[in-house]
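Here's the structure, in structure tokens; my notes come after.
Residue numbers (the working numbering), protein chains in the order written: chain A, 1 to 317; chain B, 318 to 559; chain C, 560 to 866.
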């Protein structure tokens with residue numbers, strides 16, 4: 001009975017994390033899968049969402065800016081908005097240029113945000129991070145398994161809503177323009193300034209989802225620190241999208257759950273097989289293997305588990 | 318008459334399963350000027366790029382004289398004696414005129430001291446423009462430089478992709494008369510052309526390519542009747558003596 | 560003030576050497592290689608390994624410093640072996656990953672793959688060497704006073720730092736001669752301008768690509784060893800330098816070797832001069848600000864031609 005209980009509670013944890021990742025992967029899918037925008041700074045946008053939401057909702061941090069004590073859902077919205085604002089600024093600088101420049105710029109913003117998180121103690125709490133981030137409805141649901149299950153339900157609902165919204169958006173004329181821009185440089189050129197606007201919109205909306213994901217994470221674990229948002233997070237999100245299948249929203253969600261499962265299982269395996277002293281090395285090997293998996297996927301199965309379903313009009317079969 | 322270049326049932330395209338050239342057969346005799354015509358999108362450019370090794374050939378074979386060169390990488394073709402002049406971006410714009418020629422000579426291990434004067438005799442304009450950045454040449458001058466660059470290696474066969482593109486009628490005449498001189502110096506020439514009239518004036522034989530296949534090969538003289546040509550272009554295939 | 564400039568130039572030389580590799584592969588293969596920083600890391604660690612090997616072989620694990628430097632010939636020999644092995648790593652990655660993807664994909668897929676390669680290479684370092692910082696030599700160096708303190712604060716510099724500056728200058732000069740005087744060097748420039756035309760001119764483009772990886776990786780190994788010599792050897796060495804490398808390459812103009820060198824020096828100076836302004840902890844953000852600035856003002860860079 002105890003085992004069953006701990007198994008269920010572990011399952012709830014696993015699913016909550018996977019669903020939060022799925023929200024972030026959906027954001028990346030809009031950027032990369034549908035619009036061809038290469039964002040290497042996912043962790044940065046997630047961090048902005050997490051920190052913003054924490055600062056807006058926490059009761060009061062004695063020696064830093066935060067602690068506005070606002071309701072959690074305001075924090076979620078604020079996190080998404082803050083991430084989109086950062087995306088807007090980055091996009092203005094980099095989206096007019098070749099796609100590699102966006103990659104480099106987003107990498108740069110993630111590095112810079114990481115520095116801010118580490119050093120701007122007055123805002124982010126520095127290396128110690130922010131604690132006591134409120135959990136929604138904790139007063140009524142308590143802190144135990146009931147709350148965990150309820151939070152999972154909330155995250156799944158938001159994931160479902162995000163999925164529906166993206167399906168509607170990407171099937172709309174707006175979504176078709178995005179794909180045209182992605183597929184055809186000439187079409188993009190013909191649209192000129194408008195292509196830039198479309199790219200910017202997709203980039204901002206995608207980043208908003210990443211910010212929302214960060215906020216959902218912050219209120220689930222109740223404690224965030226700079227090391228939660230290292231480049232490895234960006235890499236995990238990318239692996240999820242590539243494995244699931246870029247350009248397909250269901251693929252993005254499937255990829256999030258599949259890669260998180262592989263990640264968790266291999267992590268557990270390392271913990272149980274290796275002695276304490278060797279675990280850090282084992283963890284590096286785990287990352288090496290996932291890196292190799294991503295590259296192998298790109299070479300042998302570039303469309304992922306379920307890739308884009310819409311045929312390119314000019315290239316049958 | 319021996320064949321300088323033979324293409325047997327060439328199938329080629331940029332992406333697998335998406336052939337643009339769908340089985341083209343042509344045979345070019347040594348010492349002739351051979352022109353390839355055809356409507357837009359017929360695959361003329363793709364065919365010559367495939368022969369030169371720039372587009373993957375997925376079926377058929379290419380012979381340079383007696384040698385099978387079908388699967389050779391492009392740079393090996395040059396060493397075998399096949400030279401290619403692309404339609405656009407056919408010179409190194411950041412190098413000077415003479416650097417363009419020197420580079421080709423160095424790569425092909427040709428004695429530049431002997432070869433460059435020969436080429437400058439053939440294209441007198443180039444001698445005058447030696448030190449100029451190639452990117453600043455006019456359209457006609459570019460085309461001359463591109464030909465000269467291709468000829469550095471003393472090829473047996475010279476293939477040109479639309480040498481008249483973007484040139485004024487007067488310049489086309491100049492470029493084509495140079496090509497005739499090149500042929501007279503012993504180089505077999507294959508050219509893809511949209512400018513049928515000008516090309517017919519210098520060509521010995523022609524092939525017409527429609528939808529990735531050759532529709533006919535004929536002596537140029539037989540096609541100087543516009544009605545015959547129009548018929549072929551627009552699909553009423555008619556047997557003309559080859 | 561002068562001291563800050565000197566420090567900036569030393570950091571800048573390391574960045575410049577790394578940025579040359581970034582700019583060469585970028586202009587030839589048309590993609591931003593996020594794994595380039597890891598070549599610096601591998602270069603630094605392989606130097607450490609072979610330094611150890613040579614020290615063991617040549618006299619019981621001791622290194623007799625040459626003159627005023629902190630290191631002996633064993634470090635230079637180790638660096639040479641490391642540079643060759645780093646080039647082999649780059650060629651292996653090219654063969655296994657990039658060449659395959661280039662045949663069927665677009666450039667952007669190469670960027671994602673390079674991201675995966677970077678993680679794999681970095682964590683292989685962690686796996687092989689562990690995460691603790693290491694040093695090539697424990698010798699304490701005494702900085703030489705080049706300029707007295709009353710001239711704008713004066714300049715002090717260690718012999719090792721002078722060595723780094725000198726060898727960087729020599730390397731860049733050699734590369735310049737190679738690119739402008741040799742047929743292969745000219746073929747490289749021609750290929751990066753127009754690969755198809757290079758092919759029909761008789762240039763073996765695949766060989767040029769391999770050579771580009773070799774040069775880029777060897778310079779990366781030298782840069783990594785210099786970073787190890789002047790700071791320390793640690794697994795994050797290359798990752799932390801990646802943004803400065805990109806900033807330098809873009810600042811100088813993609814494809815321009817001299818641009819990369821100048822860009823590297825500017826980024827190095829920028830980092831060094833930003834310390835009194837924003838504090839040392841934000842030093843790494845300077846490269847990002849320079850990058851954003853150049854993208855907004857002149858995206859082709861100082862010497863660039865293509866957008």
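Where a beta carbon is used, it is the ideal one built from N, C-alpha and C, also for glycine.
In this chain, residue 244 of chain A is not harboured by any beta strand (DSSP E); it is covered by the alpha helix (DSSP H) spanning 231-244. Secondary structure of residue 60 of chain A (DSSP, three-state): coil.
Annotation: the region 252-314 of chain A contains no complete segment of the beta strand (DSSP E) (minimum length 3 residues).
Contact between residue 218 of chain A and residue 26 of chain A is absent: CB atoms are separated by about 18 angstroms, not below the 8 angstroms threshold.
Judged by DSSP secondary structure, residue 336 of chain B falls outside any beta strand (DSSP E); it is assigned neither H nor E. For residue 536 of chain B, the uninterrupted beta strand (DSSP E) run begins and ends at 530-536, by DSSP. The C-beta separation of residue 94 of chain A from residue 101 of chain A comes to about 5 angstroms, placing the pair in contact by the 8 angstroms criterion. In this structure, A:72 is the residue among A:29, A:32, A:46, A:72 with its C-alpha nearest to the C-alpha of residue 58 of chain A. Residue burial annotation: residue 184 of chain A is exposed, with fewer than 16 other C-beta atoms found within 10 angstroms of its C-beta.
Closest option to residue 364 of chain B, judged by alpha-carbon separation, among B:403, B:436, B:393, B:384: B:403. Under DSSP, residue 224 of chain A forms a beta bridge with A:130. What residue 112 of chain A touches in chain C, judged by beta-carbon distance under 7 angstroms, is 844, 847, going in chain order. For residue 515 of chain B, the enclosing alpha helix (DSSP H) begins and ends at 513-519. For residue 768 of chain C, there are no C-beta contacts with chain B under 8 angstroms, since the nearest C-beta of that chain is about 12 angstroms from it. In this structure, the CA atom of residue 157 of chain A is about 34 angstroms from the CA atom of residue 99 of chain A. Between residue 749 of chain C and residue 409 of chain B, the C-beta spacing is below 7 angstroms.
If you check each beta-carbon in the region 778-809 of chain C against every beta-carbon of chain A, the ones closer than 8 angstroms belong to 798, 801, 802, 805, 806, 809. Taking the C-beta atoms as reference points, residue 149 of chain A is found no nearer than 7 angstroms to residue 23 of chain A. With respect to residue 598 of chain C, residue 779 of chain C sits close: the two C-beta atoms are nearer than 7 angstroms.
Within a 10 Å sphere around the beta-carbon of residue 462 of chain B sit 16 or more other beta-carbons, which makes this residue buried.
For secondary structure counted as the alpha helix (DSSP H) over 4 or more consecutive residues, the region 107-169 of chain A holds these complete runs in sequence order: 121-124, 138-141. Sequence-distant partners of residue 232 of chain A (beyond 5 residues in either direction) whose C-beta falls short of 7 angstroms from its own C-beta, in its chain, are 287.
Here residue 366 of chain B is buried. Its C-beta has 16 or more other C-beta atoms within 10 Å.
By the 16-neighbour rule on beta-carbons within 10 angstroms, residue 752 of chain C is buried. Assignment of residue 426 of chain B by DSSP, reduced to helix, strand and coil, places it in the coil class. Residue contact check for residue 327 of chain B against chain C: no CB pair falls below 7 angstroms. Comparing alpha carbon positions, the residue from C:580, C:570, C:561 closest to residue 817 of chain C is C:580.
Within chain A, the residues 288, 291, 292 have their CB atoms less than 7 angstroms from the CB of residue 679 of chain C, given in chain order. The DSSP-derived three-state label of residue 325 of chain B is strand.
Taking 7 angstroms as the CB threshold, residue 686 of chain C lines the interface with chain A. Neighbourhood of residue 531 of chain B in chain C, by CB distance below 8 angstroms: empty, with the nearest CB roughly 23 angstroms away. Contacts with chain C at 7 angstroms (Cβ-Cβ) include residue 420 of chain B.
Among the residues of chain C, those whose CB is under 8 angstroms from the CB of residue 407 of chain B are 756, following chain order. Taking the Cα of residue 284 of chain A as reference, the smallest distance to any Cα among C:681, C:652, C:582, C:601 is reached at C:681. Ranked by Cα distance from residue 659 of chain C, the options A:45, A:306, A:297, A:304 are led by A:297.
Interface residue (Cβ-Cβ distance to chain C less than 7 angstroms): residue 391 of chain B is classified as such.
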